[in-house]
Amino acid sequence: MKRIITLLLALAMILSLVACGTAAKGSDDLKVGVILVGDENVGYDSAHIAGIKTAAAAVGIADDQIIWKYNIEEDESCYDTATDLVEQGCTYIISDSYGHQSYMQQAASENPDVTFISMTGDAAALSGLANFKNAFNYTYESRYVSGVVAGMKLAEMVANGEVPATSIDADGNIKIGYVGAYPYAEVVSGYTGFYLGVKSIVPNVAMTVTYTNSWYDPTAEAEAANSLISQGCVITSQHADSTGAPSACEAALEAGTPIYCVGYNIDMLSVAPKAALTSAQNNWSVYYTYALGCAVKGEEIKTDWAAGYAEGAVQISALGESCAAGTAEKVDEVIAAIKDGSLKIFDTANYTVGGAPVTTYLAIDTDGDWVGDTGEAIVNGVFEESVLRSAPYFGIRIDGITELQ
Amino acid sequence: MNVSETAIQMRDITKTFGSVVANDKVCLDIRRGEILSLLGENGSGKTTLMNILSGIYFPDEGEILVDGKEVKIRSPKHAYDLGIGMVHQHFKLVDVLTAAENIVLGLPGKGRLDMKAVGKRVLDISSQYGFEVDPEKKIYNMSVSQKQTVEIVKVLYRGADILILDEPTAVLTPQEADKLFAVLRNMRDDGKAIVIITHKLHEVEEISDRVAVMRRGQYVGGMMTAETNAREMTNMMVGRQVSLNIERHEPKNAETRLVIENLSVIDVDGVKKLDDVSFDARSGEVLGIAGISGCGQKELLEAIAGLQKVESGSIAYIHPDTKKAEELIGKNPKEITEMGVALSFVPEDRLGMGLVGNMDLADNMMLRSFRQGKSAFTDRKSPRNLAEQVVSDLEVVTPGVSTPVRKLSGGNVQKVLVGREISSVPRVLMTAYAVRGLDINSSYTIYDLINQQKEKGVAVIFVGEDLDVLLELCDRILVLCGGKVSGVVDARKINKHEVGMMMTRLGGGEVKQ
Amino acid sequence: MSHIQTEPFVRITKRQDIKTAKAWLIRLISVVLALAVCGVVIYAMVKLNPIKVYAAMWKGAVGTPKRMLVTARDTVMLLCIGIGLAPAFKMRFWNIGAEGQILVGGIATAACMIYFGKTLPSWMLFAAMFVASMLAGALWSVVPAFFKARFKTNETLFTLMMNYVAIQLTSFFVAKWENPFGSNTVGIINQMTQAGWLPSLFGTQYMVNIILVLLLTVGMYVYLKYSKHGYEIAVVGESERTAKYVGINVQKVVVRTMSLSGAICGLAGFIAVAGSSHTISTSTAGGRGFTAIIVAWLAKFNTFVMILVSVLLVFLEKGAIQIASQFDLNDYASQMITGIILFFILGSEFFINYRLIFRHRKGGEAA
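Chains as they are written, first to last, in our numbering: chain A, 1088 to 1492; chain B, 5 to 517; chain C, 37 to 403.
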């Protein structure tokens, strides 16, 4: 038996040496590895896949120069996969999920010749590693715009008297809801953007946020939506990746409860043709075109990269049939204002904390206690999101929003 | 008297299990209106042959003719269709169902089951042959003999007219056996063909019309029972001359070794298994314990060995040198063994207690001694030597001491068990059912071993099932009845019937009057 | 009468004995057959050349030094759990709770890394992690063992339930130690200092894991086969009545053996956290506590055979991942291949224990 094992090991060695011998370098031989937390069936991942494919076509990277790794958990298998991709000759490795970041960082520290891009990550600048990059979109912009769409609908409902009395709280605010994944800055930034969008149209709204503690859990998201509906919410949005919540809303709407929803990443009209208004979306191809372009040209990629409507990196999906009249015009107007800088979403004039305006916020944590200790985010009365680093850091819980834990 | 017509002819039946030839070109005729005894030692292939007939095994070679027509019996159901039914040694009944429910279980039926009609037919069958069976009674409320009756009725209900019974008397009292025999005779007179697998010669003589003898998988001959005798049958079975006498010497220097006083044991279900039992066991003497199965024998031995929680009473061990009495209750099995009280208990499945089937002989020898020495590792050498010694002393038939015990035949398993217990040089040796299921030759080897221990001054307690043997082997017999002492009698001065009466009624009823 | 006059087409009989060489031949044939059947299935479903697919599996499992290392790392992890389960199953104690025992071992390890990572010197930190993981695992298995020994509770259900408790406990600690705040993952523990990370040995990562588990393999083999404890475990497993009869304290043996079993499973948690993932999550055990049951039983508790079984299972898993990536199949296709191969291997045990006898030609003529 021992002999057989020895034989097998020897054989494995020989084969592996053959495999290693083929790894060569060159600009045409550029190899890109992609680590995905899910696969094309998950909205979040399919958005990244589409972005990378578009970008690759744009900069001239062939299909066989990209190695895809699907369903990689946010644990050491990410590290294993990353080092495995290095061995296969990849010089650029992209991971799409936040949870991959620490493993990507570990791989980056061990492979200085390979560039690691941890999408939506926040540690690149602090890590001090030259080959470790982060990127994010100004998602809060598209969320704000989707909030405007929802606000228009809400205004129409108020005008038509469709908002039931149970949906108005003691302070006279109309209840809306939000299904979040995890309670941290990326999500907080997103839901605050959405809330401010709604509020810009209908001032008397109060939002309840509930968490599923998962990026992708159709059942939990549907349950969360149902719970929000039963609490009287008439509009919901989400920062989670499945169609669970819109499906639940569609079912409730069919059953006669007035409820409309705004999705994320995926166009929800296929599962909720009546209830879905629109979805906030990312167009990752903008970043990937930039990053892969740098790769092809051999240029250094920015450690932190972030962009929004101005560059076309964020968008909302096609408006649903239930949208209020005049929505499209309003949306165009808001987008134009964002683009030309006349609309500052996180302008401190738009929100309060404990009834008082916010004047200072330290965005960056360097000592590991999860409380910012450097980097003033508020400049001239405006909270500048994703400027100090690409990943969102708007962690302020503003008045009018209640988080359920 | 009866016109015997041939029901079944088995021709050149061969069946092998791996390298073991269980049946080797066996030819056998079974006739209607006749009781045939199929006689043979353990492992001679009797049960295999009958299992082939009842569709459990399929022969490798040979043919079977039922009423002159060749058949291939593919399954037990097929056997039933042919009128062949077998009553196995281990009953296959569902405890929580009634007799009638068990009897119809598995039979095809249409729509509603008419239990009344079933009950009536069961009673019809019973009265026809002289059974006593209550169709409404649940199995768990039944005695062993009643359960057996249900099994037989079950076979008859399915229309069997060829009946095979595998060691039917092994679990019965003499009185119950007599009843069974009466029933069998009625069935024979009704024209049914009956086969009894057995190795008890006196039963063969009592019940059967014809004997067929098997030895080592082969059919060695057959004759009418009336024309033969026990000696001839034994010689055919064993293949050589065998002495059928148990030597019994008068006890020498008998000293009291164990004194049991007012012992009571209650089992987990709250049933009183032993009720105020008092007796003593003496050195150089074999004390037999008789009783129908389950009347407290097991609990008594286990209580002495420290395996059974005792409710009240005392068990005192009198040390042979100091003559001091020492209480055994409260000591653990290990301590009791170390004091020289050995228990070799052969349970129904032989291997359930005392031996580990999947371990080899040498490892089984270690069971008692493996703790010896301070090392964390087991000593492999001395158990191996002991195993080799037991194999040679007791003539254990085994390929070697590295063979798993479960591969040994029943007699050899028992020799290994008894051999190990004796090797510890006990002062008190308790054996229960030491010859259960053993053939004649092996049984006599065990009796010899017990007598040797008696000669050495060991106090032997022998729990047995066969009253003939108890009467021949023991010096005194303690008769238990329902957990109570029915009497302690001198084995030399009592007969089988009197003991049988004491087993079923305290004090023996008739004897006293 | 309409009785069928032919003998059955095929009959099944139990084999008395089978030579080791023959048994291995049957196993080998089953693997070859499995590959052939998989080949047909692969071709029928996705029109791929099966040879290429197998080559991809090989490449995926051992194609590069790194992959070989990862395969070895995952193999010893599975092996370690199998070794932990062996004494329990040999005692016929159905320890379905390895999953939970690994998790609590991992929690204990992670706790030491987080709380003492900055204060204790390296060797003391490792000692603390090592001991804490074993204690935690043992505690997790002793609870059901105690109830089994004392109150005859069903250990299968009990150990299974303990898994769920452990999973919840893990969720609790993940929430407590989450990094960054709100992400609900612990992330890599001590990423900067690498405190409590098992170091590379001979310039190779995971070497400590491998050596540790190989030592356990030898140790457990000797323990089960030659020690008095091992003998007691065998006796209790084969027949509890016999064990009582010869004066073995069954309750004590059950509790002692289960502590050992749990401790080794806890140690597997240590190896997982300190030796490879450097994090803790509910997927730290990743179902390996259940897979290891197959390892233990298939190897009949022989720890050396367990090496083979673990290699095979991990090889299949890694191969499946590679197929999925290389041919753009989803995971299900490759898992089917794994399933077919396992089915044949488990099925071969049937042919090792039983023999099929087909109808005689002579019988056919007679009919």
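Backbone N, C-alpha and C fix where the C-beta goes; we use that ideal spot for every residue, glycine too. All figures in this text were calculated on a predicted structure; none of them were measured in a lab.
Could you check what DSSP says for A:PRO1479 in three-state terms: helix, strand or coil? Coil, per DSSP.
How about B:GLU469 and B:VAL175: do their beta carbons lie closer than 9 Å? It is a contact, given that the beta carbons lie within the stated cut-off.
Cβ of A:GLY1284 within 9 Å of Cβ of A:VAL1235? The answer is yes: Cβ separation under 9 Å.
Is the beta carbon of A:LEU1430 less than 9 Å from the beta carbon of A:ALA1436? Cβ distance not < 9 Å, so A:LEU1430 and A:ALA1436 don't count as in contact.
Can you give the Cα-Cα distance for A:HIS1187 and A:ASN1218, rounded to whole angstroms? One C-alpha to the other measures close to 16 Å.
Candidates A:TYR1157, A:ASP1167, A:TRP1155, A:ILE1288, of which the one nearest C:ALA108 by Cα: Out of A:TYR1157, A:ASP1167, A:TRP1155, A:ILE1288, A:ASP1167 has the C-alpha closest to the C-alpha of C:ALA108.
Taking the C-alpha atoms as reference points, what is the distance between B:GLU207 and B:TYR133? C-alpha separation (whole angstroms): 20 Å.
Let me check understanding here. Comparing Cα to Cα, which of C:LYS50, C:GLY118, C:PRO86 lies closest to C:SER297? Proximity to C:SER297 across C:LYS50, C:GLY118, C:PRO86 peaks at C:GLY118, based on C-alpha coordinates.
Contact with chain C by B:ASP138, beta-carbon distance below 9 Å: Not an interface residue.
Taking one C-beta from the region 262-275 of chain C and one from the region 113-132 of chain C each time, how about it: are there three or more such pairs within less than 8 Å? The region 262-275 of chain C is in contact with the region 113-132 of chain C.
Complete alpha helix (DSSP H) runs within the region 116-201 of chain B (minimum length 4 residues, chain order): You should have 119-133, 148-161, 178-193.
With burial defined as no fewer than 16 other Cβ atoms inside 10 Å of the residue's Cβ, what is the status of B:HIS253: buried or exposed? So B:HIS253 ends up on the exposed side.
Would you say the region 324-339 of chain C touches the region 243-251 of chain C, given that touching needs at least three Cβ pairs under 8 Å? A contact between stretches requires three or more CB pairs, one per stretch, nearer than 8 Å, and the region 324-339 of chain C fails this requirement with the region 243-251 of chain C.
CB contact below 9 Å: C:ARG103 versus chain A: Chain A contact via Cβ: present.
Kindly indicate the opening and closing residues of the alpha helix (DSSP H) around A:ARG1230. Taken as a continuous stretch (DSSP letters only), the alpha helix (DSSP H) holding A:ARG1230 covers 1226-1246.
Per the contact definition of three or more C-beta pairs closer than 8 Å, is the region 33-45 of chain B in contact with the region 193-211 of chain B? The region 193-211 of chain B vs the region 33-45 of chain B: in contact.
How would you label C:GLU353, buried or exposed, when you count the other beta carbons within 10 angstroms and need 16 or more for buried? C:GLU353 is buried by the Cβ-count criterion.
Any C-beta of chain C within less than 7 Å: which residues of the region 406-424 of chain B qualify? Hits within the stretch: zero.
With distance defined between alpha-carbon atoms, name the residue in C:PHE394, C:ILE359, C:PHE387, C:LYS288 nearest to C:TRP60. Here the closest residue by C-alpha is C:PHE387.
Just to make sure I have the definition right: I need the residues of chain C whose C-beta is within less than 7 Å of the C-beta of B:ASN55. Which are they? Listed by position along chain C, the residues whose Cβ is nearer than 7 Å to that of B:ASN55 form an empty set, because the closest Cβ is around 13 Å away.
Nearest-angstrom Cα separation, counted from A:TYR1278 out to A:THR1323: Cα-Cα distance, rounded: 11 Å.
Looking at the secondary structure, which residues open and close the beta strand (DSSP E) in which B:ASN266 lies? 260-270 is the extent of the beta strand (DSSP E) around B:ASN266.
Report the residue ranges of all alpha helix (DSSP H) runs contained in full by the region 1368-1452 of chain A; include only those spanning at least 4 residues, in chain order. For the alpha helix (DSSP H) assignment, the uninterrupted runs of no fewer than 4 residues enclosed by the region 1368-1452 of chain A are, from N- to C-terminal side, 1372-1384, 1414-1427.
Pick helix, strand or coil for C:ARG455, following the three-state DSSP scheme. Residue 455 of chain C cannot be examined here, being either before or after the span of chain C that is shown, 37 to 403.
Which bits of chain A does C:ILE224 rub up against, with CB to CB less than 8 Å? Ordered by position in chain A, the residues that pass the 8 Å Cβ test against C:ILE224 are SER1189, TYR1190, GLN1192, GLN1193.
In this structure, does DSSP put C:ASN389 in helix, strand or coil? Of the three classes helix, strand and coil, the one that applies to C:ASN389 here is helix, per DSSP.
Chain F within 9 Å of C:ALA146, Cβ atoms only: Of the protein chains in this structure, namely A, B and C, none is chain F.
How should A:TYR1269 be labelled, buried or exposed, when 16 other C-beta atoms within 10 angstroms of its C-beta is the threshold for buried? Counting C-beta atoms within 10 angstroms of its own C-beta, A:TYR1269 has 16 or more neighbours from the protein chains shown and is therefore classed as buried.
Can you pull the chain B residues whose beta carbon is under 9 Å from the beta carbon of C:ALA270, in chain order? Within chain B, the residues near C:ALA270 are VAL360, ASN362, MET363, ASP367.
In angstroms with no decimal places, state the Cα-to-Cα distance between B:ILE293 and C:PHE45. Each residue's Cα considered, the two are about 53 Å apart.
Determine, for A:ILE1154, whether the minimum Cβ-Cβ distance to residues of chain C falls below 9 Å. Contact with chain C is found for A:ILE1154, since one of that chain's Cβ atoms lies less than 9 Å from the residue's Cβ.
Return the residue from the list A:VAL1440, A:GLU1160, A:ASP1200, A:LEU1172 that minimises the CA-CA distance to A:SER1189. Nearest C-alpha to A:SER1189: A:GLU1160.
Counting only the same chain and skipping the five closest in sequence on each side, list residues whose C-beta sits under 6 Å from that of A:PRO1444. Excluding sequence neighbours, A:PRO1444 sits near THR1435.
Counting pairs of Cβ atoms below 8 Å between the region 357-365 of chain B and the region 398-411 of chain B, do you hit three or more? Three or more beta-carbon pairs drawn from the region 357-365 of chain B and the region 398-411 of chain B are found closer than 8 Å, and the two stretches are therefore classed as touching.
By alpha-carbon positions, which one of B:ARG480, B:ALA320, B:LEU474 ends up nearest to B:ALA307? Nearest option by C-alpha distance: B:ALA320.
List the whole-angstrom C-beta distance separating A:ASN1370 from A:ASN1352, where the pair is believed to meet the contact cut-off of C-beta under 8 Å. In this structure A:ASN1370 does not touch A:ASN1352 by the C-beta definition: roughly 11 Å separates them, more than the 8 Å allowed.
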